[in-house]
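Residue numbers (my numbering), protein chains in the order written: chain A, 1 to 280; chain B, 1001 to 1280. Beta carbons are placed, not taken as given, at the ideal position from N, Cα and C, and that holds for glycine. What you are looking at is a predicted structure, and each value in this text was computed from that prediction instead of being measured.
Number of protein chains: 2
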Amino acid sequence: MEMIAENRCFGGYQRRYQHDSRTLGVTMTFSVYLPPQAEKAPVPAMYWLSGLTCTDENFVQKAGAQRVAAELGLAIVCPDTSPRGTDLPGEHDSYDFGSGAGFYVNATQEPWAAHYRMYDYVTEELPALVREHLPVSDRCSISGHSMGGHGALVCALRNPGRYQAVSAFAPICNPSDVPWGQKALGGYLGDDKAAWAEYDASLLVLQAAERLPILIDQGSHDNFLEEQLAPDALVKACQSVNHPVELRMQSGYDHSYFFIATFIEDHLRHHAAALGLSPR
Amino acid sequence: MEMIAENRCFGGYQRRYQHDSRTLGVTMTFSVYLPPQAEKAPVPAMYWLSGLTCTDENFVQKAGAQRVAAELGLAIVCPDTSPRGTDLPGEHDSYDFGSGAGFYVNATQEPWAAHYRMYDYVTEELPALVREHLPVSDRCSISGHSMGGHGALVCALRNPGRYQAVSAFAPICNPSDVPWGQKALGGYLGDDKAAWAEYDASLLVLQAAERLPILIDQGSHDNFLEEQLAPDALVKACQSVNHPVELRMQSGYDHSYFFIATFIEDHLRHHAAALGLSPR
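Have a look at this one:
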């Protein structure tokens, strides 16, 4: 693991690292914000999963999250959104499949299966690496945006006890039933809908072993709301099994990082409270 | 003037506009943040001048300024850093001269004189346009980063009474005496050092007609500190004429937007206080 950038930020450090991922079989880059408190003792971490076309840097540069993370003593770990450096057939042809669009699943279909294992990467390999090399404790939570909001929900629902909190901005809530999700799940997992169900929050929540509350912010003017995001499907599923969910419709907001920046503080405080952190 | 983008942000609007600039003879793009208070009455504006290679968007996306601007009721106007759309000989050859590097001067040398009039653009045409078309009052202040910090200081020092506050992040303080400044001032203004003096804060302050306090944040680990920025020259000049200046050396910080994001809140509150705004 090699540090390739470091910037002082709100009394802590914003860093980028590269490492050879055995899960993905490629060299990966990720970003981490370490708050000032990490200089004295390991701190909990929020994992942030980004959306289509993003890298590890979008959230770092645009969300303005470091200020509150520094206050709370929360690390923020931002993985990339797909394997990089492979040139599989068609990998770079569309914005919603292949590079920049790993969808946080373990692919089973060729030619993706050898590298596109982002689910294992973000739930297993990366957290282990971070805990081993950085002052980050094993207490963690997870959030994300759009494709990454879907990823955050899936990671939390499939791993009871692992995450202390989960939230999402404009997540793809029911991927089996929308074009982005059908293209991705079909391409990475094949035609078997049972395989898709392992990565669909609105289905996973029906059999969740843990009632971890779900916080979602969704912009009312999000261009993708109706066709791709389908938060109502998730809310309905949650209600059917009494799974706690709060869907906040934010009037006038869109799908951009201006929306995320506006409400990220609420999410960070929600995560921090669940992680046992308090403002300094 | 045409609105080309609008995003809801912290209860207000982050917008981009295009207009045909008569000063520059090209179509220009600028960004403006309008806080929620602007829906009821015109609000004061802080002008932000960006650094080398930037556009109107860097500050908007990376500084995280909208949160505090929304609290204070302060608009933020971000011009581009040079004329665009011309293809003058050599204009795009270097990062520190020509496109992306207008240095906020009125060029007198060919081929630049016809278009590179960023000083008039940011002090006259753009403010008049903004006041005419947007809910922005005539009370304003100015700040900026690096080349734009130089620009902010020059605009304030040359226009007593115009700006209620001035501040800068890592400004080029004494351009006549550093490589970036010598290249730019020589290229745009020719060899006459008297012409350069009209755009050098460390010289202008010696004869300033107004004692507007100057606030500067400077990172101690800024790669450009010694060779290009020279804040000590400005402090020394200010002290020689009792011009109020506060230079805050920020330990460990560099030249990046992570540095700006960390301290922008202090600057916004400084500007707001001078503009008569108070937190809501």
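Taking 8 Å as the upper bound for CB-CB distance, ALA1261(B) and GLY1064(B) are in contact here, some 5 Å apart. Shown in chain order are the members of the segment 42 to 73 of chain A whose Cβ falls below 8 Å from a Cβ of chain B: GLN61, LYS62, GLY64, GLN66 and ARG67. Taking a beta-carbon distance threshold of 8 Å, CYS78(A) does not count as an interface residue toward chain B. Secondary structure at ARG1211(B): coil, using DSSP grouped into helix, strand and coil. Interface flag for PHE1010(B) against chain A is set, since a Cβ pair is found closer than 8 Å.
Assigned with DSSP and collapsed to three states, PRO127(A) falls in helix.
Between HIS115(A) and GLY25(A) the beta-carbon gap is near 5 Å, inside 8 Å, which marks them as a contact. Taking 8 Å as the CB threshold, TYR1116(B) stays off the interface with chain A.
The beta carbon of TYR1253(B) falls within 8 Å of a beta carbon belonging to chain A, placing the residue at that interface. Here HIS1145(B) is bridged, per DSSP, to PHE1169(B).
Residue burial annotation: VAL68(A) is buried, with at least 16 other C-beta atoms found within 10 angstroms of its C-beta. The C-alpha of VAL136(A) lies about 38 Å from the C-alpha of SER1031(B). Around the CB of GLU210(A), fewer than 16 other CB atoms lie within 10 Å, so the residue is classed as exposed.
The beta carbons of ALA101(A) and SER82(A) sit closer together than 8 Å. Per DSSP, LEU72(A) lies in no beta strand (DSSP E); the unbroken alpha helix (DSSP H) holding it starts and ends at 66 to 72. Rounded to whole angstroms, ALA1194(B) and GLY1186(B) show a C-alpha spacing of 11 Å.
Leaving aside the five residues that flank GLN1228(B) on each side, the residues in its chain whose CB is nearer than 7 Å to its CB run, in chain order, ILE1172, VAL1178, PRO1179 and TRP1180. Chain-order list of chain B residues neighbouring ASN223(A): empty, with the shortest C-beta distance near 12 Å, by a criterion of under 8 Å. Interface flag for PHE258(A) against chain B is set, since a Cβ pair is found closer than 8 Å. With respect to the 8 Å criterion, HIS1255(B) and ALA1208(B) are not classified as neighbours on the basis of their beta carbons.
Three or more beta-carbon pairs separated by less than 8 Å are not found between the segment 265 to 276 of chain A and the segment 1006 to 1021 of chain B, which leaves the two stretches without contact. DSSP lists no beta-bridge partner residue for GLU110(A). Residues of chain B whose Cβ lies closer than 7 Å to the Cβ of GLN14(A) are, in chain order, PHE1258. Straight-line measurement puts the Cα of HIS19(A) at about 18 Å from the Cα of ILE76(A).
For GLU1002(B), the number of other beta carbons within 10 angstroms of its own is below 16, and it is reported as exposed. Under a 10 Å Cβ-count criterion, GLY1219(B) is classified as buried, with 16 or more other Cβ atoms of the shown protein chains found around its own Cβ.
Annotated as distal: ARG84(A) and SER94(A), with beta-carbon spacing of 8 Å or more.
Closest by C-alpha distance to MET46(A), out of CYS155(A), GLN109(A) and SER146(A), is CYS155(A). When DSSP states are grouped into helix, strand and coil, ASN1007(B) belongs to the strand group. If you draw a straight line from the Cα of ALA1273(B) to the Cα of CYS78(A), it is about 37 Å long. Against THR1027(B), chain A offers no close residue; the least beta-carbon distance is about 24 Å (beta-carbon pairs closer than 8 Å).
By the Cβ neighbour-count rule, HIS1092(B) is exposed, with fewer than 16 other Cβ atoms within 10 Å of its own. Inside the segment 240 to 268 of chain A, DSSP marks whole beta strand (DSSP E) runs of 3 or more residues at positions 245 to 250, from first to last along the chain.
Excluding residues up to 5 positions away in sequence, GLY1012, TYR1013 and ALA1075 lie with their Cβ nearer than 6 Å to the Cβ of LEU1034(B) in the same chain. Chain-ordered, the chain B residues with CB closer than 8 Å to the CB of ALA261(A) read CYS1009, PHE1010, GLY1064, GLN1066 and ARG1067. Counted as a single uninterrupted DSSP element, the stretch harbouring VAL1178(B) is not any beta strand (DSSP E), since DSSP gives it neither H nor E.
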